[in-house]
DNA sequence: TCCGTGACACAAG
DNA sequence: CCTTGTGCCACGG
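In the working numbering, the protein residues as written are 201 to 314.
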C-alpha cells in the first residue's frame with residue numbers, strides 16, 4: 201500500500217542475478233549488455249558490483265567484459281575458475297578471450313521458438 | 001543524506 | 001599492446 205512505490209534496496213542486484221540466470225549454457229553476456237537489457241547501458245559498473253554479491257547458484261561465469269575477457273580483478277583463482285567453467289560448457293577462448301561475435305547471448309526472448 | 005568503493009566502458013597517449 | 005583518466009550507476013557504512 202502506501203509503502204510501495206520506491207525500489208527496494210538491492211533491487212538492481214536482484215534484477216541482474218535473475219537476468220544472468222537466463223543466459224543459456226555455452227553463451228556469454230557482457231556487463232554493459234546486461235545493463236542495457238535492464239534499461240541503463242551506463243550501469244555496467246553497477247552490474248559488476250551486483251555480480252560481486254551474486255549468489256552461487258547462478259551461472260556467474262557467463263558474464264565477461266566488453267572485450268570478451270575475464271575482469272575479476274585481484275582474484276586470479278576466480279579468473280581461472282571462470283575460464284575453466286566456461287570451457288567445460290563449450291565456450292572456446294582465443295588469445296585469452298571469448299569470441300563475442302560467436303558466443304554472445306542474443307538476449308532474453310519473450311517468445312522462445314525460432 | 002553524504003561519501004567512498006568497484007567483476008565496467010570508452011577515449012586518448 | 002598497455003596505462004591512465006573520465007563518466008556513469010548502485011550499494012553500503
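Using N, Cα and C, we set each Cβ at its ideal position, and we do this for glycine too.
Remember, predicted model here, so these are calculated numbers, not experimental data.
Exercise. Could you say which of 253, 226, 209, 234 lies nearest to residue 220 if we only look at CA atoms?
Key: 234
Quiz item: Would DSSP call residue 294 helix, strand or coil?
Solution: strand
Self-check item: Distance between beta carbons of residue 237 and residue 313, contact taken as under 8 angstroms
Solution: Not a contact, Cβ separation roughly 20 angstroms.
Practice problem: Keeping to the same chain, check which residues put their C-beta closer than 8 angstroms to that of residue 251; ignore five residues upstream and five downstream. | Solution: 216, 220, 231, 260, 263
Quiz item: For the putative contact between residue 291 and residue 298, defined by C-beta atoms under 8 angstroms, what is the C-beta separation to the nearest angstrom?
Solution: 6 angstroms
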